[in-house]
Amino acid sequence: MELHLLKRMVCWCVPALWLVGCTERIDIDTRDAVPRLVVYGCLTSTPMQHEIRITRSTGYFADAAPEGVPGAEVIISGGGQTFTLHADAGEPGLYRTDPQVFGLPGTEYTLDVALDVHGDGKITHYRATSLMPPQASLDEIVLQPADRMPDYMEILISAVLPEGGGHYYSLHVWREDQALTGSLSRLTLFSDSDFLTNRISRVPCYYLDQREEGARMSKGNRVTVALNVIPKEYFDFLIDGRAEAGGSVPFFSGPPANLSTNIRAADPADDTPLAGFFSACATGFRSVVYE
Amino acid sequence: MTGRGAPGAVISLLCLLLALTAAAQPKRYAISGTVRDASTGEDLISATVYAVGAGVAATNAYGFFSLPLPAGDYQIVVSHLGYATLRRQVRLASDQKINFTLVPQSAEMERVVVESQAPARNANVAHPEMSVATLSAATIGKIPTLMGETDVIKALQLLPGVQGTSDGSSSFSVRGGGYDQNLIVLDEATVYSASHLMGFFSVFNNDAIKDVKLYKGDIPASFGGRLSSLVDIRSKDGNANRFTGTGGVGTISSRLTLEGPLAGDRATFLVSGRRTYADMFLLLASDPDLRESSLYFYDMNAKLNWRAGENDRLLLAGYLGRDKSATELFGMDFGNVTGSLRWNHIFSPRFFSNLTLVGSSYDYYLSYEVNERMAMDWRSRLEDYGAKADFSYHADPGNTLRFGYQLTCHRFSPGEGGGMGENSIFGRIATTKQYALEQALYASGETKAGPLTLKYGLRLALFQNLGNGDTVKYLDGYLPVRREVYRRGEVYKTQSTLEPRLGATWRLDGRSSLKASYNRSAQYIQLASNSSAGSPLDVWFQASPNVRPQLCDQVAAGYFRNFADDAFETSLEVYYKNMKNVIDFRDHAQLMVNHDLEQELRFGRGEAWGAEVMVRKNTGRLTGWVSCTFSRSLRRIEGINGGRWYRSQFDKPVSLSAVVNYDLSPRWSFSANWICASGSPVTYPTGRFRIENTYVPIYSGRNQYRYPAYHRLDVGATWVVSKPSARLHSELNFSLYNAYGRKNPWTILFRQEDDRPDVSYAEMIYLFSFVPSITWNFTF
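Pasting the structure below:
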């Protein structure tokens with residue numbers, strides 16, 4: 003958490019910049035990149051219907067959502083189990099497991115996507131593996147007005163994190179059924195290296211902006227929090243993705259760079275450009291009603 | 199030519215030069231002394247003392263000169279740009295000490311008196327150094343300013359081969375090098391961060407500065423440790439004639455400098471301070487958090503100059519600068535402290551020495567406190583302590599020998615911090631403190647033979663890592679393969695470099711010359727920064743068993759010619775730089791709070807080449823310069839851009855600048871500068887994919903595209919308010935930065951429309967357009 007906190011601290015400390023800075027929309031002329039095959043999704047330890055999404059990337063200034071890639075055979079296997087994912091009839095490129103599927107912490111899972119990627123009748127396999135980390139126990143969540151920030155409600159969590167440290171976390175929040183962390187910029191991502199102990203008590207982890215209609219809390223509203231323990235590679239993928247999506251500011255950003263991916267072609271001769279990530283995450287949920 | 203086992207080379211060269219200079223010595227006597235400003239008593243740097251038909255000498259950084267000549271009668275001409283030339287008849291039958299004083303010359307006087315024979319006027323042609331530019335405080339003071347702040351670094355950015363790293367930034371690149379490859383010294387002390395207010399202003403208060411000299415190449419052997427340039431800044435010694443004050447009240451800051459004599463005429467002092475009040479502008483912000491924030495910087499210079507005797511002089515100089523900014527939740531402050539104590543001693547009229555004790559530090563501090571549980575801070579610090587001994591021996595007007603030794607102790611504390619107070623939920627962490635010794639032994643000489651002047655020098659640089667009782671990791675393929683623990687003070691790695699410096703000047707006639715130079719330089723400490731502009735939170739890190747020193751070989755050649763009785767100086771220089779062990783960082787490198795920083799480094803090569811043309815007019819009512827630079831700067835680093843060559847972030851093929859000052863009358867003067875440069879290289883997104891309801895870019899090759907071209911016009915006018923006879927001299931300076939409101943991109947962000955999230959667009963952030971300012975300046 004500290005790195006992102008430090009960066010945020012610095013950004014707060016340059017108000018002069020924003021006083022004198024102005025913005026203007028401009029036209030940029032670039033050549034579109036060769037489309038990449040994008041595979042993205044995760045398997046969690048919570049019994050549910052899991053999703054893998056397969057799309058093709060577009061030119062940056064394309065005005066449409068990326069097209070889904072239908073016709074793939076998608077399988078997740080590991081720990082003696084095999085989960086076959088089925089194509090969603092309503093959304094091309096979306097593949098779902100059966101309901102109530104879940105993975106086991108400490109198990110390595112492999113995603114296998116078989117696809118006629120070039121439309122020439124030749125099936126190519128793309129694979130990724132991910133080791134599901136140990137689970138955290140989310141014991142309590144507390145909702146209260148944020149100290150010194152009158153426009154915000156804060157969510158505090160108490161949890162027992164996996165022993166030994168060196169683990170990485172993503173935190174998702176729902177108000178009723180509405181996801182408040184539905185984009186990269188809103189995800190809370192942190193590591194446990196900052197904490198003195200693996201038992202954390204009432205640590206502020208998310209702020210609900212009461213000026214936003216979707217986050218405004220009224221008595222009786224239910225808030226649900228998911229604390230995911232995620233592999234470091236996936237943590238880096240999300241952190242880097244958030245940075246790249248947020249844009250480059252000269253003082254605080256390194257050179258732009260493409261995200262790494264753990265999706266690999268089974269055939270080393272296959273040079274199809276790839277992107278995305280498959281991960282296995284250990285998940286814990288808890289809800290609270292605001293009173 | 200990495201010099202393992204070559205420490206004797208410098209000493210051998212020194213002995214050879216001594217033998218050569220001593221060999222052909224007819225009986226000579228030396229005219230020696232100092233050259234000073236008649237109005238202030240300040241020593242003049244690079245003033246020329248010319249014995250007509252016999253030889254010429256220039257004053258050094260302390261105003262000292264030595265001109266050994268055979269016995270005889272001589273007409274001595276002493277000159278310096280901006281001063282009336284002084285002539286004196288001297289009969290030389292023994293060593294003579296003569297202190298000259300020159301009277302400052304106004305533009306009006308200059309039009310009447312033209313001293314075409316004065317060597318100072320053709321120093322551009324005659325002086326045996328190239329790739330060098332000197333700016334006086336007066337020249338810098340005439341350049342239009344951003345928000346009324348006269349800025350040394352921004353003035354340097356108008357010179358050929360020098361480029362600002364981003365709009366308004368005080369970071370700069372010289373001949374395609376990185377902004378951490380510039381050695382900036384203030385009175386011999388290294389200034390590690392030359393920026394205030396996130397880089398928009400430099401740390402140097404022009405009122406306290408006497409002279410600024412930029413070496414883009416041909417760096418003297420007495421300086422080293424950076425690949426690209428040396429910026430040698432000398433502060434004023436203090437007025438030796440009377441107590442005076444200089445100050446100003448500007449748009450964002452006020453400043454005051456006091457100086458005068460002490461203890462009769464044996465000592466002088468100078469105290470200078472400056473503070474901004476930018477936080478007042480925050481009160482205009484609509485955001486209440488901003489209104490309650492603070493944002494300011496201050497700096498102070500102090501200097502004591504004591505002439506302890508005929509042959510001894512002590513100079514004690516210090517600088518303290520600090521930036522502070524804070525909101526209710528966050529705080530940040532950072533700054534430099536430098537200090538130097540110098541002892542000039544004249545052993546004989548031909549033998550001058552300077553011993554310097556020096557200290558320098560840079561640190562920053564961050565804090566964050568939502569409440570007592572969510573409270574943390576972070577601090578980082580770099581300290582240098584060192585000594586330097588410089589000697590110069592003037593054998594005859596054509597032969598000068600310089601040699602010396604330099605020792606610097608580095609102490610790096612990259613970071614320490616974490617939770618504040620007993621109730622914080624965060625633990626404390628600290629990155630390993632590192633210690634190193636950097637030493638250099640150097641010698642250089644200068645020999646004249648007819649129209650040819652040769653310069654030659656050698657610097658042996660030595661860098662030693664010292665143990666601290668902590669574990670040192672040895673990497674292979676960027677991964678740790680071995681760990682060793684070294685006790686405190688134990689040398690665990692020594693790296694050295696032999697750095698030759700060569701130069702030649704061939705005077706074609708009195709008005710033109712050809713020059714060439716070669717120098718090798720090595721850099722052992724560098725910034726951990728992969729941003730394009732640099733930030734105050736960047737930390738310096740050292741060469742180590744895993745990090746070899748960066749090396750640069752630079753060759754340059756030039757044609758120099760003056761016109762119209764030396765009123766116009768022109769130059770054409772071409773250069774080529776070959777850089778090895780150049781450092782960049784892996785994609786998405788984490789440079790802050792990283793215990794394993796060295797694993798983020800990637801190494802490779804760099805090349806830069808270019809041509810620089812400059813026309814400069816230093817005299818008359820109309821002064822200024824026009825310069826044009828054609829240059830390229832490329833890198834090839836393992837693991838970056840697929841291992842292929844790519845444009846460095848400082849690659850700007852074309853750059854033009856024009857700086858003009860016109861003295862209309864004794865009361866009114868006008869100035870303008872215009873710069874135009876190719877846009878900075880940039881990596882643009884050329885594709886995108888979506889995860890977590892967020893579009894993530896797919897990028898082009900590294901720096902494959904460019905920002906739109908950069909251009910800007912600044913104008914200024916100065917109106918002398920007071921009458922010439924008034925005790926308080928005051929003037930108003932009006933500046934308009936970016937006069938035609940060019941929207942130069944500071945950065946370009948890529949966003950999605952709020953109501954159509956699948957539609958991406960590019961949005962430019964530009965900082966400064968039409969920035970007017972008024973500054974009231976005064977002297978008494």
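Taken in sequence, the protein lines are chains A and B. With the first sequence counted from 1, adding 2 to any position gets you the working numbering. With the second sequence counted from 1, adding 198 to any position gets you the working numbering. Glycine residues also receive a C-beta, built at the ideal position from the N, C-alpha and C atoms. None of the values given here were measured: they were computed from a predicted structure.
Item: Where residue 194(A) falls: helix, strand or coil (DSSP); Value: helix
Item: Residue 283(A) at chain B interface by Cβ criterion, 8 Å; Value: no
Item: For residue 640(B), the residue or residues it bridges with in DSSP; Value: 602(B), 657(B)
Item: Continuous alpha helix (DSSP H) stretch holding residue 174(B): start and end; Value: A question about residue 174(B) goes unanswered here, because the residues of chain B that appear run from 199 up to 978.
Item: Neighbourhood of residue 327(B) by C-beta, 6 Å cutoff - its chain only, sequence neighbours within 5 removed; Value: 416
Item: Partner residues on chain A for residue 629(B), Cβ-Cβ distance less than 9 Å; Value: Those within 9 Å of residue 629(B) in chain A number zero; the least Cβ separation is about 12 Å.
Item: Proximity test, Cβ basis, 8 Å: residue 74(A) and chain B; Value: no
Item: 7 Å CB neighbourhood of residue 460(B) in its chain, flanking five on each side removed; Value: 466, 467
Item: Closest residue to residue 456(B) among 463(B), 450(B), 464(B), 435(B) (Cα-Cα distance); Value: 435(B)
Item: Residue 264(B) - DSSP class collapsed to helix/strand/coil; Value: strand
Item: Alpha-carbon to alpha-carbon, residue 834(B) and residue 449(B); Value: 45 Å
Item: Three-pair Cβ contact test at 8 Å for the segment 504 to 521 of chain B versus the segment 351 to 368 of chain B; Value: no
Item: Per DSSP, cross-strand counterpart(s) of residue 345(B); Value: None, per the DSSP bridge assignment.
Item: Local conformation of residue 792(B) per DSSP, three classes; Value: coil
Item: Contact residues within the segment 860 to 885 of chain B, judged by C-beta distance below 9 Å to chain A; Value: 880, 881, 882, 883, 884, 885
Item: Closer than 8 Å to chain A by CB, residue 960(B); Value: yes
Item: Cβ shell of residue 315(B) (< 6 Å), same chain only, five flanking positions each side left out; Value: Residue placement at residue 315(B) is poorly supported in this model, since its pLDDT is 43, which falls under 50; the coordinates still yield a value, given next. The answer is none, since no qualifying residue turns up.
Item: Length-filtered (4 minimum) alpha helix (DSSP H) runs lying within the segment 733 to 769 of chain B; Value: none
Item: Contact set between residue 278(A) and chain B, taken where Cβ atoms lie within less than 9 Å; Value: 887, 889
Item: Option nearest residue 933(B) by Cα separation, candidates 622(B), 691(B), 638(B), 339(B); Value: 339(B)
Item: Local conformation of residue 912(B) per DSSP, three classes; Value: strand
Item: Own chain, CB closer than 6 Å to residue 78(A), minus 5 neighbours either side, in chain order; Value: 45, 85, 111, 113
Item: Per DSSP, the bridge partner or partners of residue 52(A); Value: DSSP lists no partner for residue 52(A).
Item: Contact set between residue 260(A) and chain B, taken where Cβ atoms lie within less than 7 Å; Value: 896, 897
Item: Beta carbon proximity, residue 217(A) to chain B, threshold 8 Å; Value: no
Item: Residue 412(B) versus residue 237(A): straight-line alpha-carbon distance, rounded; Value: 46 Å
Item: Reduced DSSP secondary structure (H/G/I, E/B, other) of residue 255(B); Value: strand
Item: Those residues which DSSP pairs with residue 580(B) across a bridge; Value: 560(B), 610(B)
Item: Per-residue contacts from residue 947(B) into chain A (C-beta, under 9 Å); Value: 25, 248, 249, 250, 251
Item: Exposed unless 16 or more other CB atoms sit within 10 angstroms - verdict on residue 679(B); Value: exposed
Item: Three CB pairs or more closer than 8 Å across the segment 98 to 112 of chain A and the segment 274 to 289 of chain A; Value: yes
Item: C-alpha gap between residue 614(B) and residue 520(B), whole angstroms; Value: 20 Å
Item: is_contact[residue 963(B), chain A] using C-beta, thresh 8 Å; Value: yes
Item: Residues within the segment 35 to 61 of chain A neighbouring chain B, beta-carbon criterion of under 9 Å; Value: 35, 36, 37, 38, 40, 42, 55, 57, 58, 59, 60, 61
Item: Residue(s) in a DSSP beta bridge with residue 500(B); Value: 469(B), 516(B)
Item: Reference residue 734(B), options 287(B), 398(B), 321(B), closest by Cα; Value: 398(B)
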